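In the working numbering, the protein residues as written are 11 to 172.
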């Protein structure tokens, strides 16, 4: 009888502890947070504000950021340096996400879609670039941020046969 009471007491304690354990965010809450990160990124990008843009990234040497050059880099400092160069070379650049998708997957959110970038050219016209992106967002240091970000442009069409 003593073993049974002890077992019941232990089981009761485990159930109570697990019921009191903090729950993670729901998938809907995760996607809402990811959408907010995407919007903060767009707002900062379109303002040319590198510091606000970098606030959407995980401040870690393990951050992965692969830009349009396809090479990218590892780490927050490298990503910041890349964005500083990009904004300096494309003043007034504007970005839109054309078909964003975010889905919760475990404790991260996977994002992807298409983008359109409009780059003013100095003669009053603009160059329009289109491409795709994929990213991973996660809760780090108490906030949702990009932990991996990748952008690409499609390959040019094959030359016509002679």
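Cβ coordinates follow ideal geometry from the N, Cα and C atoms, glycine included.
The structure presented is a predicted model; accordingly, all values stated were derived computationally and were not measured.
- Contact between residue 68 and residue 143 does not hold, since the beta-carbon distance rounds to 17 Å and is not under 8 Å.
- In this structure residue 90 is in contact with residue 64, their Cβ atoms being roughly 5 Å apart against a cut-off of 8 Å.
- Looking at the DSSP output, residue 137 bridges to 129.
- Rounded to the nearest whole angstrom, the CA to CA distance from residue 109 to residue 37 is 20 Å.
- In the three-state DSSP reduction, residue 159 falls in the strand class (E or B).
- Between residue 119 and the set 171, 159, 140 and 167, the nearest pair of CA atoms involves 159.
- A residue is called buried once 16 or more other Cβ atoms fall within 10 Å of its Cβ, and residue 33, having fewer, is exposed.
- In this structure, residue 111 sits away from residue 129, with a CB-CB distance that is not shorter than 7 Å.
- If you draw a straight line from the Cα of residue 132 to the Cα of residue 171, it is about 36 Å long.
- With respect to the C-alpha of residue 42, the residue from 152, 95, 113 and 146 having the closest C-alpha is 113.
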